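Note that the sequence shown covers residues 1320 to 1602 in my numbering. The beta carbon of each residue, even a glycine, is placed where N, CA and C say it ideally should be. Small disclaimer: the values here were computed from a predicted structure and weren't measured.
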Amino acid sequence: CRADTGAKEPYFWNPRTHEFLGRTASSWGLILLFYLVFYIFLGGMFILTMYVMLLTLDDYKPTYQDRLATPGMMIRPRSEAMEILYNPQDTESWDRYTEALDIFLAPYNNSVQVQNNDDCLPDNYFIQEDSGEVRNNPKRSCQFNRTSLDACSGIIDRTYGYQTGQPCVLIKLNRVIGMLPGKDGQSPYVTCGAKKEDADAIGELAFYPPNGTFNLMYFPYYGKKAQVNYSQPLVAVKFLNISVNTDVNVECKINSNTLTTGGERDKFAGRVSFKLRITSSNN
């Protein structure tokens, strides 16, 4: 019998058994081969499932839509806090708002709209169906001319009323593919008002286009890829005699015979709220 010297076999490399980290070359080879085949199989399964999923997708229309039945609304000019605060006597306080509106409305210039979009028949949906497997793409879009915003177009008044204390705010609906917000020739329209505590401070309002309508001819929307020149319809609200040096909490909402404003669960569906304050050193 050989006496036990108490010496341990080297772990990193054993010159006697030619083992590296406790395994022979053939053992390491089998393990590496197993993991290579295993991960190739996993990668192949992932690629196959992605390929099958992509076969079900439409490049022009989402297969499933989980958006709210009633779209949200947004204002321009906008700020992170949804506040419009300025002093008519201080040009710098409102100049950023008018610049933002100039940039936003540039694609709505009449010359651009005439070049890119159609002069459509109002009060009718502009439906452009596909012919079976034949795509009717790119789809055409209806003109929304900047001049239809009248006193809030930035053409009649380059300051959009901010210099005179009668500011304009633009309102738009979020885009939803295939949405038909109205029926029987009745276009959805926007109404605005103040919260109860500010009801006496909001004053008279003017809407452009008349009655604050989103005409039916701008619907349905077919998606950015299918309708590349689509111009979102806008509604402008002009505050004609709002109280100065007062926080006025304004809420605007969509009114339609097919859309409803959200309840407590969906507070931003079909409506938008913002704060408007006009300060004046003359008061």
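Own chain, CB closer than 8 Å to residue i, minus 5 neighbours either side, in chain order
i, result
"T1466", "N1429, S1472 and I1474"
"N1574", "P1507, Y1508, V1509 and T1510"
"D1503", "N1576"
"S1268", "Any question about residue 1268 goes unanswered here, given that the chain covers just 1320 to 1602."
Closest Cα partner of residue i within the set the options
i, options, result
"V1567", "N1443, G1531 and A1518", "A1518"
"Y1383", "L1553, C1571, G1497 and Y1405", "G1497"
"T1577", "G1501, Q1551 and G1391", "G1501"
"N1436", "I1597, K1458 and G1451", "K1458"
"V1556", "P1539, G1512, Y1540 and S1550", "G1512"
"F1587", "D1409, Y1370, L1351 and M1401", "M1401"
"S1600", "N1406, S1346, V1591 and I1446", "N1406"
"Q1432", "Q1462, E1399 and F1538", "Q1462"
"V1569", "I1403, R1454, S1450 and Y1427", "I1403"
"T1598", "Q1505, E1448, Q1551 and T1410", "T1410"
"Y1537", "D1469, S1398 and L1499", "L1499"
"N1456", "P1441, L1440, Q1546 and G1589", "Q1546"
Pairwise C-alpha distance: residue j and residue i
i, j, result
"V1509", "N1530", "8 Å"
"T1389", "N1534", "17 Å"
"G1348", "R1335", "19 Å"
"T1565", "L1595", "8 Å"
"P1507", "T1532", "6 Å"
"V1356", "L1376", "31 Å"
"K1514", "D1438", "39 Å"
"F1445", "S1460", "8 Å"
"N1548", "M1393", "20 Å"
"S1412", "V1371", "55 Å"
"A1344", "L1351", "11 Å"
"N1443", "Y1540", "13 Å"
"Y1358", "L1367", "14 Å"
"E1399", "L1340", "59 Å"
"R1397", "E1516", "23 Å"
"G1362", "S1346", "24 Å"
"L1468", "Q1447", "27 Å"
"R1470", "R1454", "The sequence shown places Ala at residue 1470, not Arg. Approximately 40 Å, taken between the alpha carbons."
"G1589", "R1477", "30 Å"
"F1593", "L1374", "43 Å"
"Q1434", "Y1427", "11 Å"
Cutoff 7 Å; reference residue i; Cβ partners in own chain excluding five residues on either side
i, result
"R1321", "Legend: pLDDT at R1321 = 49, less than 50; position of this residue unreliable, no value from coordinates given."
"D1421", "G1473"
"G1542", "Y1379, K1380 and I1496"
"Q1485", "K1557, F1558 and L1559"
"Q1505", "N1576"
Same chain only: Cβ atoms within 6 Å of residue i, ignoring 5 sequence neighbours per side
i, result
"F1423", "R1395"
"K1544", "Y1379"
"N1493", "P1390 and G1391"
"C1571", "I1490, V1509, C1511 and V1591"
"L1553", "L1489 and K1491"
"N1464", "N1429 and Q1432"
"Q1551", "K1491"
"E1338", "none"
Contact test: residue i Cβ vs the ligand PLP heavy atom, cutoff 7 Å
i, result
"K1543", "Of ligands this structure carries none, so the ligand PLP is not represented either."
Touching by the beta-carbon criterion (3+ pairs, under 8 Å), the stretch 1513-1532 and the stretch 1552-1568: yes
Given 8 Å, three or more beta-carbon pairs between the stretch 1416-1426 and the stretch 1475-1489: yes
Every unbroken alpha helix (DSSP H) within the stretch 1330-1411, with a cutoff of 4 residues, ordered by chain: 1344-1374
Entirely enclosed beta strand (DSSP E) segments - the stretch 1447-1527, minimum 3 residues: 1487-1492, 1508-1513 and 1524-1527
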